[in-house]
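Trainee: Before we start, here is the structure in question, set down as structure tokens.
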Amino acid sequence: MTAGTIERPTFAGTDEQRALAEEIFQLMAAQARLFALEAPIRQTLKNLADFYARQRQMDPAEAARLIDEALRVNDHVFTRQETNGDVVFITSRRGRYVPPQVDTVHTFKQRLYEPENPLPVDDISVVVTTTRPALTTVEPVFISEYWQQQAGLIPVVAEPQVETPVEPVAETPEVAAPVSVSEPVAETVSAPPPAEPTPVNTVIVLPNGLQIDLRRPVEELMAQYGNTLMSQLRTAIENDPLRRLVLFGNQAFPEAALVSFGKNDLRRISDYIKEVGEPLLDTQIIADIFYHNPRQSDYEVFRFALNYRLSREKDFEFVGVEGARLWSVRNLPAIGTKRVKASEMGQLAGYIEEGFDDSLAEQSAESIRKSGQVSHVLTFFEWEYGILPLTRALAALLPPPLLADQRSAVLRFELPQHYVSTLVELRYPTGNRGGWLQGLEALFHDYLVPGALITLMRTDDPRTFAITYEEQEETQDRLLVLDETKKTPKFTFANISYACVVDTDMLVNQQQYGRLRNLKAFPMNERRKADLMLEHVFEVIGTPVGTRTEPKYAASFETLFVALNVLRPASREYLAHLLSEGDHFAPDASRPGWWLYTPPPSLEEEEDEEVDAEDFDDEE
Amino acid sequence: MMDGKNIIYGETAMDKLAQQVRATGQPQDLQSLTERYLEILRELVLAGEQQG
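Here you go:
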């Protein structure tokens, strides 16, 4: 058969019926002349009867009867269907109607994800096409659960039983017939037990092994396991290779919906921060560089995108806190003294992380959080270098890090009594290294002295804190200072006026602590050896109670505390630990609160003694 | 629809969670995100119970 010719159907029945059926076939084929050869052509009996009756001037009912009979005889050409009482005849231009069959045996989806007999997978990389990336970034590739199970990345989950729909099969009555043999069998078949609802397991197991029943209301679950659920979800989001959701601080948003920032944008931000010379708030960057208005509906998403993007850039460092997201860049002027390196200070404050922190002896962390203020007596080291060790009391007042890997935060400290303020860097503790605040040098030197009683307090701004002190009449005294004008720094006493209330025991003046001028200004890297520093301090400040050959020194605990805090920060608890653990220290039994130090005999001393003896001999 | 033992916390239905967060048009804090996620998982499991 050529493309132009169509096979004609043959018709059955009487001559009239054949003629009628052929006429109707031609009529329907003409109506559907633009249809495909196999496409069904439908026509109702009523329409056909009306047409036929009008043409032949006869009763439509009679016409319907004749047509129905003629087409029934030719059922190989016309398929008869009854729908809602209407009789419909279906044929096609080819002269037969074949119901369409949808082949669902092989779908692309099934072949891609659920192959019945998959090839063995030795290496997951053979499943994932890896192309050489233009950039050296590894893009996440979605791997279906099936292949992950095959590679052993996730546990194999048993496939739930899926009920396949039973197709109407012609053999059904034949199957039913031979069943009726005996009564008991018939009973079991005819009266199946009522279908009970299958109990579904509503308990899920978290990666840490915690079991949670999802039948319980969400509020209850959050109240009981809130922290665990949140931390587990955070971990899952952070480890998601597809980055469906990304986090910044405590917030999450889909990465795909975030605005992207180009290199040019990042350079502009960096230049702007350098131009201002101090860390800037995200809101300020958005307003001044991107001219984005907080009233715009996408402002918060834009803000999140900026923070998230900057957090992934090496050149930017987050130095903000909750409520004030500050960004810094490399090469900004350092905040605070350069005389103490960060690595040295971390070691000097390490005693706090070792557990020798007694800052909460007088104020509980709860009361500090509630009142928003903490009192502190300045030591010489703190005053000299403008550094405050991050004790637990201070940590209760100051904001915690917002990001997990956050190194520091930049805060502003005000002295409301003098309308001055300064930037302060809060360095968070890492491992066994303690944290501290630095940058208070100018404030301390201008208005306070060692021994001053200060109060640090929160303000309404999450990154701004205030330092206050009680004022008194101006007093002049000879106080200890570190003279660094010469090549070798040296402790000395100088006239200093102050107008703040001080703890007189902690005031390092010449009258009380005159011997401290002999203290050696050790380099910072040596001051971390607290035991050696204490021995030196003891020799300088202690009262000699031994002999020339067997020297021994006595000093009160409080004096040692003040003196040791000239060289390095130390808590009372840490000092007590050093004294009790040191081999050469012993409590003075005759005076409670006093300690004795017996220096170990050293080679130098022995040599000196020999020299002395020779001198003595010469004199004789 | 789903048995509890087939649910991997932090993996199952994360797409749906991301869609919901995106639909809000605002970054969500971790607590509300967790609550939203529990609701999604709960619907999955309890739908399965109803079907069962």
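Chains as they are written, first to last, in our numbering: chain A, 22 to 641; chain B, -11 to 40.
Glycine included, C-beta positions come from ideal geometry on N, C-alpha and C.
1) Give the secondary structure of L432(A) by DSSP, where H, G and I count as helix, E and B as strand, and everything else as coil.
2) On the three-state DSSP scale, how would you describe F401(A)?
3) When you compare each of D80(A), D498(A) and I356(A) to F434(A) by their alpha carbons, which one comes out closest?
4) If you draw a straight line from the alpha carbon of L501(A) to that of V583(A), how long is it in whole angstroms?
5) Taking 9 Å as the threshold (beta carbon to beta carbon), is N105(A) in contact with chain B?
6) Does DSSP put F339(A) in a helix, in a strand, or in coil?
7) T304(A) to K508(A), Cα distance in whole Å?
8) Do I488(A) and L464(A) have their C-beta atoms closer together than 9 Å?
9) Can you tell me which of V340(A), G106(A), A417(A) and P315(A) puts its alpha carbon nearest to the alpha carbon of A425(A)?
10) Kindly indicate the opening and closing residues of the beta strand (DSSP E) around N516(A).
11) Which residues in the same chain have their Cβ closer than 8 Å to the Cβ of F323(A), if we skip the five residues on either side of it in sequence?
12) Which chain B residues sit within Cβ distance under 8 Å of S318(A)?
13) Could you compute how far the alpha carbon of G393(A) sits from the alpha carbon of M478(A)?
14) Give me the Cα-Cα distance between F56(A) and R63(A), rounded to the nearest whole angstrom.
15) In the DSSP assignment, the alpha helix (DSSP H) including V94(A) goes from what residue to what residue?
16) Under the assumption that A91(A) contacts Q38(A) (Cβ atoms under 8 Å), give the Cβ distance between them as a whole number of angstroms.
17) Between the C-alpha atoms of H97(A) and T128(A), what's the straight-line distance to the nearest angstrom?
18) Considering only residues of the same chain and omitting the five flanking positions on each side of L600(A), which have a CB-CB separation below 7 Å?
19) Can you give me the start and stop residues for the beta strand (DSSP E) that Y118(A) sits inside?
20) Would you call the segment 287 to 300 of chain A and the segment 324 to 337 of chain A in contact, with 3 or more CB pairs under 8 Å?
21) Write down the C-beta distance between E259(A) and L250(A) rounded to the nearest angstrom, noting that I regard them as a contact closer than 8 Å.
22) Nearest to D482(A) by CA position, among Y372(A), L419(A), G456(A) and S388(A), is which residue?
23) Determine the extent of the alpha helix (DSSP H) in which M20(A) is found, giving its start and end residues.
24) Between which two residues does the beta strand (DSSP E) carrying E494(A) extend?
25) Does any CB atom of chain B fall closer than 9 Å to the CB of R117(A)?
26) Specify whether the segment 508 to 527 of chain A and the segment 550 to 570 of chain A touch according to this definition: at least 3 beta carbon pairs, one from each stretch, less than 8 Å apart.
27) For N516(A), which residues of its own chain have a beta-carbon under 7 Å away from its beta-carbon, when the five flanking residues on both sides are left out?
28) Could you tell me how far apart the beta carbons of R261(A) and M(-10)(B) are, in whole angstroms, since I believe they sit closer than 8 Å?
29) Could you check which residue in P228(A), L231(A) and V224(A) has the C-alpha nearest to that of P238(A)?
30) Determine the DSSP secondary structure at V267(A), reduced to helix, strand or coil.
31) Quick one: what does DSSP say A345(A) is sitting in, helix, strand or coil?
32) Let me see if you follow: with CB-CB separation under 9 Å, is I306(A) close to chain B or not?
33) Just to make sure I have the definition right: I need the residues of chain B whose C-beta is within less than 7 Å of the C-beta of N271(A). Which are they?
34) With which residues is W457(A) paired in a DSSP beta bridge?
35) Could you confirm whether any beta carbon from chain B is found closer than 9 Å to the beta carbon of D261(A)?
36) So if I threshold CB-CB distances at 9 Å, which residues from the segment -9 to 7 of chain B count as touching chain A?
Mentor: Quick answer:
1) Looking up residue 432(A) in the first sequence gives position 411. The answer is strand: DSSP assigns L432(A) an E or B state.
2) Numbered from its first residue, the first sequence carries residue 401(A) at position 380. F401(A): helix per DSSP, three-state reduction.
3) For the purposes of this step, residue 434(A) is identified with residue 413 of the first sequence, where counting begins at 1. Per the Cα distances, I356(A).
4) Sequence index remark: in the first sequence, residue 501(A) carries index 480 (1-based). Sequence index remark: in the first sequence, residue 583(A) carries index 562 (1-based). Cα-Cα distance, rounded: 12 Å.
5) Mapped onto the first sequence, residue 105(A) falls at position 84. False, the Cβ-Cβ gap to chain B never drops below 9 Å.
6) Numbered from 1 along the first sequence, position 318 holds the residue referred to as residue 339(A). In this structure, F339(A) counts as strand in the three-state DSSP scheme.
7) Taking the first residue of the first sequence as position 1, residue 304(A) is located at position 283. Taking the first residue of the first sequence as position 1, residue 508(A) is located at position 487. Looking at the two C-alpha atoms, the distance is approximately 47 Å.
8) The sequence position of residue 488(A) within the first sequence is 467, counting from 1. The sequence position of residue 464(A) within the first sequence is 443, counting from 1. The answer is yes: Cβ separation under 9 Å.
9) As a first step, residue 425(A) must be located in the first sequence, where it is residue number 404. Ranking the options by Cα distance to A425(A), first place goes to V340(A).
10) Taking the first residue of the first sequence as 1, we reach residue 516(A) at position 495. Where N516(A) is concerned, the enclosing beta strand (DSSP E) stretches over K511 to C521.
11) The residue labelled residue 323(A) in the question sits at position 302 within the first sequence. Same-chain partners within the cutoff: V280, I307, F311, H313 and Q317.
12) By one-based count along the first sequence, residue 318(A) stands at place 297. Correct list: G13.
13) Here residue 393(A) refers to the residue found at position 372 when the first sequence is read from its first residue. Here residue 478(A) refers to the residue found at position 457 when the first sequence is read from its first residue. Going by C-alpha positions, G393(A) is about 6 Å away from M478(A).
14) Numbered from 1 along the first sequence, position 35 holds the residue referred to as residue 56(A). Numbered from 1 along the first sequence, position 42 holds the residue referred to as residue 63(A). C-alpha separation (whole angstroms): 12 Å.
15) Counting from one through the first sequence, the residue named residue 94(A) turns up at place 73. Note, V94(A): alpha helix (DSSP H), P81 to V94.
16) Numbered from its first residue, the first sequence carries residue 91(A) at position 70. Numbered from its first residue, the first sequence carries residue 38(A) at position 17. Contact flag correct, Cβ pair sits at about 4 Å.
17) Against the first sequence, residue 97(A) aligns to sequence position 76. Against the first sequence, residue 128(A) aligns to sequence position 107. So the alpha carbons of these two residues sit roughly 33 Å apart.
18) Indexing the first sequence from 1 puts residue 600(A) at position 579. Correct list, in chain order: F606 and W616.
19) The residue labelled residue 118(A) in the question sits at position 97 within the first sequence. Here Y118(A) belongs to no beta strand (DSSP E), and DSSP marks it neither H nor E.
20) The answer is yes - the segment 324 to 337 of chain A touches the segment 287 to 300 of chain A, with three or more Cβ pairs under 8 Å.
21) Here residue 259(A) refers to the residue found at position 238 when the first sequence is read from its first residue. Here residue 250(A) refers to the residue found at position 229 when the first sequence is read from its first residue. Actually they do not touch by this definition, with Cβ atoms about 15 Å apart.
22) Position 461 of the first sequence holds residue 482(A). Nearest C-alpha to D482(A): L419(A).
23) Missing from the structure shown is residue 20(A); chain A here goes from 22 to 641 and no further.
24) Stepping through the first sequence from its first residue, residue 494(A) is reached at position 473. Its beta strand (DSSP E) spans residues E492 to D504.
25) Here residue 117(A) corresponds to residue number 96 of the first sequence, with the count starting at 1. No, no contact with chain B.
26) no
27) Locating residue 516(A) in the first sequence gives position 495, where the first residue counts as 1. Excluding sequence neighbours, N516(A) sits near Q497 and R499.
28) Along the first sequence, one-based indexing puts residue 261(A) at 240. Along the second sequence, one-based indexing puts residue -10(B) at 2. Just to set this straight, residue 261(A) is Asp in the shown sequence, not Arg. Incorrect: roughly 20 Å between the Cβ atoms, too far for contact.
29) Residue mapping note: residue 238(A) aligns to position 217 of the first sequence, counting from 1. Taking only the C-alpha atoms, the option nearest P238(A) is V224(A).
30) As a first step, residue 267(A) is located in the first sequence; it is residue number 246 there, counting from the start. It is a strand residue.
31) Residue 345(A) sits at position 324 when you count from the first residue of the first sequence. Three-state DSSP puts A345(A) in a strand.
32) Position 285 of the first sequence holds residue 306(A). No - not a single Cβ of chain B is within 9 Å of the one on I306(A).
33) Along the first sequence, one-based indexing puts residue 271(A) at 250. Correct list: D17 and L18.
34) Against the first sequence, residue 457(A) aligns to sequence position 436. W457(A) pairs with P410(A) and R448(A).
35) Along the first sequence, read from residue 1 onward, the residue named residue 261(A) stands at position 240. At least one beta carbon of chain B lies nearer than 9 Å to the beta carbon of D261(A).
36) D(-9), G(-8), K(-7), N(-6), I(-5), I(-4), Y(-3), G(-2), E(-1), T0, M2, D3, L5, A6 and Q7
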